[in-house]
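Student: Provided herewith is a single structure, encoded as structure tokens, for subsequent inquiry.
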Amino acid sequence: MPTRWFRWLVSMMGIVLVAGLTAGPAQAQDPLDRFYGQRLDWQSCHDDALDAAGARCAGVLVPLDYAHPDGRTLTLAISRIAATDPARRRGVLLSNPGGPGGPGLRTMTSVQKVLSADVRAQYDLIGMDPRGIGRSNPVNCAIPLPTLLFSAGFDVFGLARDTGVAAALAASCLAGDIDKLRNITTRNTARDMDVIRGALGVDRISYYGASYGTYLGAVYTQMFPSGSDRIVLDGAIDPDRYWVGMYQDMGPINEYALDDWAAWAARHDDEYHFGTTAPQVRAFVEDTIRRAAKHPVISLGSAYLVDEHTVPMMLLALLSNPKMNANLAEVVRMVSDGADGKPLDVAKLKSKISGAVPLEASGMAAVMCDDRAAPRDPAWYYRNIEAARPTQPVFGAFANNITACAYWPTPLEPATRVRNATPALVLATVHDTRTAYQGGLALHRDLTASRLVTLADTRIHGAFRVGLSPCLNDAVNTYLATGALPDTDITCEPDPEYFPK
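All letters in the sequence shown, in the order written, are residues -28 to -1, 1 to 473 by mature numbering (1 follows the signal peptide of the UniProt record, and there is no 0).
Encoded structure:
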């Protein structure tokens, strides 16, 4: 008995030894597998626009900090409008509307209107509220103002005022959930997009991004080239100038836009009475800002005055589409009358400028300031403002002004350098008021296999979604449907019927 037991023990030791010699090392499970492999629970979106479009919504679990995936998590809200022909479905078309700080859950309810039937047949359309925005665990800086962007006004005292405001806004943000706040970044949102890709069960994602969404999309192609399929970047940003340089570029292009609007207003002097020539209209606007500085118009709640610090922001927002020409004229008239002490319809003024300031100021601050450090010295801003004043009398003090990012901690990661050969379609408008045309040229160079579609002689921000150029929209729909880029870079003309007379 002992002998049999000994022989059995020796044989088992041999089996164990052989197994130990032949088996490879144990494979540790990737801590991100549980996020990539999660199953989504699609439910009603509880949103009129999404429900009307037939969308369903789900929550996607992601790590707060990808460096510590076993730690805290966030739940991202996404929406899905299913492909119209399941038999032809080839994948998903993810989207981002811009910002940074813009919620995107509803984005595809409008974008789908300019997608061809062929594209709609092939793609599930995916909207997303990025981390820290909208329904996706929003950050809350308790900012008592609807925006963190202001004009510095007319002198060093105006900049001093905005320096104090910027410091206070940063302190308010940083007093909250600091761990969550510091992880609201473009790089983390790109990582979230890849988790969404995995959770949707596809190998690659196609993408439509507008404005800031072009930067996010470009970062995704750099970080996840194997996950990138057909990428449309509308209103493109130069990744190397995001975000400080991007805002500086808004000064000259909005001075041009103001002159363009002034020419329209001069043609309608019988209605608005700003002047019969474009220079007269511009002079009226500049005088209105000076008078609003002396006599701030009203408070739109929480100490938000309509004055030299805020009027340029309103003008900039309303200059982004010629279809808002009449709205802008009404705002200029109301601000002018208010500065003269005349009674105002406060509700009407609010309705006219409701789209003029970002609704997600907290998210905007987090993304911008966590993505890239801003210069710290107020004197740097003052020098740039003064240098811009001669040629940018209305917008130079806005485009070069200090923000809360000057008082923000150093970003946790360096900004992404975009240089790759993704065959993307880059859309750029010659007179885009938010993302300068030069930014589209730069992104096209950075994405060496891309094609550029230029929308000529047009003052508009974002070309595809508004549907003002059949040529441009055909290029986008052909690319999404077939994967075929234009043979060469092309220039498209806008439909003249789109614009107000």
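Cβ coordinates follow ideal geometry from the N, Cα and C atoms, glycine included.
#1: To which residues does DSSP link Asn392 through a beta bridge?
#2: What separation, rounded to the nearest whole angstrom, lies between the Cα atoms of Asp212 and Arg389?
#3: Just grab the DSSP bridge partners of Gln15 for me.
#4: Using alpha carbons as the reference points, say which of Gln1, Thr47, Leu205 lies closest to Gly70.
#5: From the DSSP output, in three-state form, read off Ser51 for me.
#6: Whole angstroms are fine: how far does the CA of Ser51 sit from the CA of Ile462?
#7: Look at the alpha carbon of Ala124 and the alpha carbon of Arg169, and state the distance between them as a whole number of angstroms.
#8: May I ask you to list the residues that DSSP assigns as paired with Cys464?
#9: Taking Cβ positions, are Met340 and Pro110 nearer each other than 7 angstroms?
#10: Inspect the beta-carbon positions of residue 474 and Pro41 and report whether they are closer than 7 angstroms.
#11: Report the rounded CA-to-CA distance for Pro315 versus Glu465, giving the unit in angstroms.
#12: Helix, strand or coil for Gly181, going by three-state DSSP, please let me know.
#13: Could you check if Ile156 is buried or exposed, using at least 16 other CB atoms within 10 Å of its CB as the buried criterion?
#14: How many Å lie between Arg406 and Ser292 at the Cα?
#15: Beta carbon of Val303: closer than 6 angstroms to some heavy atom of the ligand NAP?
#16: Would you decide whether Pro468 is buried or exposed? Buried here means 16 or more other CB atoms lie within 10 Å of its CB.
#17: Is it true that the CB of Val167 sits closer than 7 angstroms to the CB of Tyr38?
#18: Going by the beta-carbon positions, is the gap between Val303 and Val278 smaller than 7 angstroms?
#19: Output the distance between the C-alpha atoms of Tyr219 and Ala371, rounded to the nearest integer angstrom.
#20: With a threshold of 16 other CB atoms inside 10 Å of the CB of Leu384, please say whether the residue is buried or exposed.
#21: Could you check the C-alpha separation between Ala59 and Val174 for me, to the nearest Å?
#22: Taking Gly223 as part of the alpha helix (DSSP H), name the residues at either end of that continuous run.
#23: Could you name the residues of the same chain whose beta carbon sits closer than 6 angstroms to that of Met80, not counting the 5 residues immediately before and after it, in chain order?
#24: Provide the residue(s) that pair with Tyr95 in DSSP beta bridges, ordered along the chain.
#25: Under the three-state reduction of DSSP, which class applies to Asn372: helix, strand or coil?
#26: Keeping to the same chain, check which residues put their C-beta closer than 6 angstroms to that of Thr454; ignore five residues upstream and five downstream.
#27: If I'm right that Phe122 touches Asn226 with Cβ under 8 angstroms, what's the distance once you round it to whole angstroms?
#28: Between which two residues does the alpha helix (DSSP H) carrying Asp201 extend?
#29: Against chain D, does Cys443 count as a neighbour if the rule is that its beta carbon must be under 7 angstroms from one of theirs?
#30: Once the 5 residues before and after Ala142 are set aside, which same chain residues still bring their CB inside 6 angstroms of it?
#31: Closer than 7 angstroms by C-beta to Cys443: which residues in its own chain qualify, once you throw out the five before and the five after it? Chain order, please.
#32: Please list, in chain order, all residues of the same chain as Ala328 whose beta carbon is under 7 angstroms from its beta carbon, the five residues on each side excluded.
#33: Going by the DSSP bridge assignment, what does Ala400 pair with across the sheet?
#34: Could you tell me whether the segment 147 to 164 touches the segment 13 to 25, using the rule of 3 or more Cβ pairs below 8 angstroms?
#35: Can you give me the C-alpha to C-alpha distance between Thr426 and Arg6, rounded to a whole angstrom?
#36: Between the beta-carbon of Ser200 and the beta-carbon of Thr450, is there less than 7 angstroms?
Tutor: Inspection of the coordinates gives the following:
#1: For the purposes of this step, residue 392 is identified with residue 420 of the sequence shown, where counting begins at 1. DSSP lists Leu419 as partners of Asn392.
#2: The sequence position of residue 212 within the sequence shown is 240, counting from 1. The sequence position of residue 389 within the sequence shown is 417, counting from 1. If I take the Cα positions, the gap works out to 7 angstroms.
#3: Locating residue 15 in the sequence shown gives position 43, counting from the first residue. Per DSSP, Cys29.
#4: In the sequence shown, residue 70 corresponds to position 98, counting from 1. Nearest C-alpha to Gly70: Leu205.
#5: Within the sequence shown, residue 51 is the residue found at index 79, counting from 1. Under the three-state reduction of DSSP output, Ser51 falls in the strand class.
#6: As a first step, residue 462 is located in the sequence shown; it is residue number 490 there, counting from the start. As a first step, residue 51 is located in the sequence shown; it is residue number 79 there, counting from the start. Straight-line Cα distance between these residues: approximately 33 angstroms.
#7: Looking up residue 124 in the sequence shown gives position 152. Looking up residue 169 in the sequence shown gives position 197. Computed Cα separation, rounded: 43 angstroms.
#8: To locate residue 464, count along the sequence shown from 1; it is residue 492. Leu427, per the DSSP bridge assignment.
#9: Translated into positions along the sequence shown, residue 340 becomes position 368. Translated into positions along the sequence shown, residue 110 becomes position 138. Not a contact, by the Cβ cut-off of 7 angstroms.
#10: The question about residue 474 has no answer here: the residues shown for the chain are numbered -28 through 473.
#11: Translated into positions along the sequence shown, residue 315 becomes position 343. Translated into positions along the sequence shown, residue 465 becomes position 493. Cα to Cα, Pro315 sits roughly 44 angstroms from Glu465.
#12: Residue 181 sits at position 209 when you count from the first residue of the sequence shown. Reduced to three states, the DSSP call for Gly181 is strand.
#13: On the sequence shown, residue 156 is found 184 positions in, with the first residue counted as 1. Classification for Ile156: buried.
#14: Stepping through the sequence shown from its first residue, residue 406 is reached at position 434. Stepping through the sequence shown from its first residue, residue 292 is reached at position 320. Their Cα atoms are separated by approximately 7 angstroms.
#15: By its list of ligands, the structure shown contains no ligand whatsoever, and the ligand NAP lies outside what it can speak to.
#16: Here residue 468 refers to the residue found at position 496 when the sequence shown is read from its first residue. Pro468 should be labelled exposed.
#17: Taking the sequence shown and counting its residues from 1, one reaches residue 38 at position 66. Taking the sequence shown and counting its residues from 1, one reaches residue 167 at position 195. Contact flag unset, no.
#18: Taking the first residue of the sequence shown as position 1, residue 303 is located at position 331. Taking the first residue of the sequence shown as position 1, residue 278 is located at position 306. Result no, Cβ atoms of Val303 and Val278 do not sit closer than 7 angstroms.
#19: The residue given as residue 219 occupies position 247 in the sequence shown. The residue given as residue 371 occupies position 399 in the sequence shown. Computed Cα separation, rounded: 5 angstroms.
#20: On the sequence shown, position 412 is the one that residue 384 refers to. With fewer than 16 Cβ atoms within 10 Å of its Cβ, Leu384 is classed as exposed.
#21: Taking the first residue of the sequence shown as 1, we reach residue 59 at position 87. Taking the first residue of the sequence shown as 1, we reach residue 174 at position 202. Roughly 16 angstroms separates the two Cα atoms.
#22: What you label residue 223 is simply residue 251 of the sequence shown in a count that begins at 1. Where Gly223 is concerned, the enclosing alpha helix (DSSP H) stretches over 216 to 239.
#23: Numbered from 1 along the sequence shown, position 108 holds the residue referred to as residue 80. Correct list, in chain order: Ile53, Ser67, Leu97, Gly99.
#24: What you label residue 95 is simply residue 123 of the sequence shown in a count that begins at 1. Tyr95 is bridged by DSSP to Gly63.
#25: Locating residue 372 in the sequence shown gives position 400, where the first residue counts as 1. It is coil, neither helix nor strand.
#26: By 1-based counting over the sequence shown, the position of residue 454 is 482. Result list for Thr454: empty, nothing under 6 angstroms.
#27: Counted from its first residue, the sequence shown places residue 122 at position 150. Counted from its first residue, the sequence shown places residue 226 at position 254. That belief does not hold up - the Cβ atoms of Phe122 and Asn226 are roughly 15 angstroms apart, past 8 angstroms.
#28: Translated into the one-based positions of the sequence shown, residue 201 becomes position 229. Per DSSP, Asp201 belongs to no alpha helix (DSSP H); it is in the beta strand (DSSP E), 200 to 206.
#29: Here chain D cannot be found, since the structure has a single protein chain.
#30: Residue 142 sits at position 170 when you count from the first residue of the sequence shown. Same-chain partners within the cutoff: Ala376, Tyr379, Trp380.
#31: For this step, residue 443 is matched to residue 471 along the sequence shown. The answer, listed in chain order, is Cys464, Glu465.
#32: As a first step, residue 328 must be located in the sequence shown, where it is residue number 356. Caution applies to Ala328, whose pLDDT of 46 falls short of 50 and renders its modelled position unreliable; the model cannot decide the point.
#33: By 1-based counting over the sequence shown, the position of residue 400 is 428. Thr426.
#34: no
#35: Residue mapping note: residue 426 aligns to position 454 of the sequence shown, counting from 1. Residue mapping note: residue 6 aligns to position 34 of the sequence shown, counting from 1. Approximately 42 angstroms between the Cα atoms of the pair.
#36: In the sequence shown, residue 200 corresponds to position 228, counting from 1. In the sequence shown, residue 450 corresponds to position 478, counting from 1. Against a cut-off of 7 angstroms, the Cβ pair of Thr450 and Ser200 comes out as no contact.
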